[in-house]
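This is how it looks when you write it as structure tokens:
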């Protein structure tokens, strides 16, 4: 499968998806670590893709997303943002609300 | 021109900010001394009024597209309108380094 199709499929099939460096349990970057911790604190399951293990996705996703950096959080097929946005939304309670809404929608 | 100066000039030109800080945080990361690889910007501008965070960050990323593609590895972005900043007056700290740029092939070309 072409990388771009793989990306589209991942985004379509996982309503809460984090592209990150490393894994939530063993993140390899401070920004990815913060982002995955905030998501875990929201208490819902989410999928992740370690872009360090998937160099093709790392190379192609920024152009598709029109977003140059990682982590990237995708909810309901839309890019929510990177670490700074995730943290700001988390602190205001907006991330939890968005996630709850998405979980209800896909239930 | 130093990357830090370049970033400052571009952000000033595009957003006419009432407050702007461009901080080189590279020394907190696993890169050679004197590197310009990790930056944090705080931009306060009414250009952000009525725009969601993702739209604001897209504007900043777009303004610094060349630097992101060719020079810098990490960019922390904090954007506020003048009113939001008047209620806040401080942007959050960046997270600690976990060594993610070590062994990263894309770093070599950016550190020249």
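Protein chains in written order, with the UniProt record's numbering: chain G, 1 to 107; chain Z, 1 to 112.
In this text, a Cβ means the ideal position worked out from N, Cα and C, and glycines have one as well.
Among residues of its own chain, excluding the 5 on either side of residue i, which ones have a beta-carbon nearer than 7 Å to its beta-carbon?
i, result
"residue 102/G", "15, 16, 75 and 76"
"residue 66/Z", "none"
"residue 4/G", "60 and 64"
"residue 63/Z", "10, 11 and 14"
"residue 40/G", "24"
"residue 62/G", "68"
"residue 97/Z", "28, 29 and 30"
"residue 10/G", "17 and 49"
"residue 26/Z", "35, 36, 37 and 38"
Can you round the beta-carbon distance between residue i and residue j to whole angstroms, since I take them to be within the 8 Å contact cut?
i, j, result
"residue 95/Z", "residue 70/G", "Not confirmed; about 13 Å, so no contact."
"residue 71/Z", "residue 3/Z", "5 Å"
"residue 111/Z", "residue 17/Z", "So it is not a contact: roughly 28 Å between Cβ atoms."
"residue 109/Z", "residue 74/Z", "With a Cβ gap of about 15 Å, residue 109/Z and residue 74/Z do not count as contacting."
"residue 61/Z", "residue 68/Z", "6 Å"
"residue 34/Z", "residue 28/G", "Actually they do not touch by this definition, with Cβ atoms about 24 Å apart."
Quick check on residue i - is its C-beta less than 7 Å from some C-beta in chain Z?
i, result
"residue 70/G", "no"
"residue 21/G", "yes"
"residue 90/G", "no"
"residue 42/G", "no"
"residue 81/G", "yes"
"residue 31/G", "yes"
"residue 84/G", "yes"
"residue 36/G", "no"
"residue 15/G", "no"
"residue 28/G", "yes"
Taking only beta-carbon positions, decide if residue i is within less than 7 Å of chain G.
i, result
"residue 53/Z", "yes"
"residue 76/Z", "yes"
Whose C-beta lies closer than 6 Å to the C-beta of residue i among residues of the same chain, with five residues either side of it excluded?
i, result
"residue 73/G", "18, 80 and 86"
"residue 84/G", "none"
"residue 91/Z", "42 and 78"
"residue 48/Z", "56, 79 and 81"
"residue 96/G", "42"
"residue 46/Z", "81 and 82"
"residue 21/Z", "42"
"residue 104/G", "none"
Please list, in chain order, all residues of the same chain as residue i whose beta carbon is under 8 Å from its beta carbon, the five residues on each side excluded.
i, result
"residue 50/G", "20, 21, 22 and 23"
"residue 51/Z", "59"
"residue 85/Z", "18, 19 and 44"
"residue 54/G", "none"
When you compare the CB of residue i with every CB in chain A, is at least one pair closer than 7 Å?
i, result
"residue 33/Z", "In the structure shown, chain A does not exist; the protein chains are G and Z."
field: Selection of the stretch 80-99 of chain Z by Cβ proximity to chain G, strictly under 8 Å
entry: 92, 94, 95, 96, 97, 98 and 99
- request: Residues of the stretch 14-26 of chain Z with a CB closer than 7 Å to any CB of chain G: list them in chain order, please.
  value: none
- prompt: Pairing CB atoms from the stretch 85-105 of chain G with CB atoms from the stretch 3-13 of chain Z, are three or more of them under 8 Å?
  reply: no
- prompt: For the 8 Å Cβ check, are there 3 or more pairs between the stretch 69-81 of chain Z and the stretch 42-53 of chain Z?
  reply: yes
task: May I ask you to list, following chain order, the residues of the stretch 55-74 of chain Z that have a beta carbon less than 8 Å from some beta carbon of chain G?
output: 57, 58, 61, 65, 68, 69 and 74
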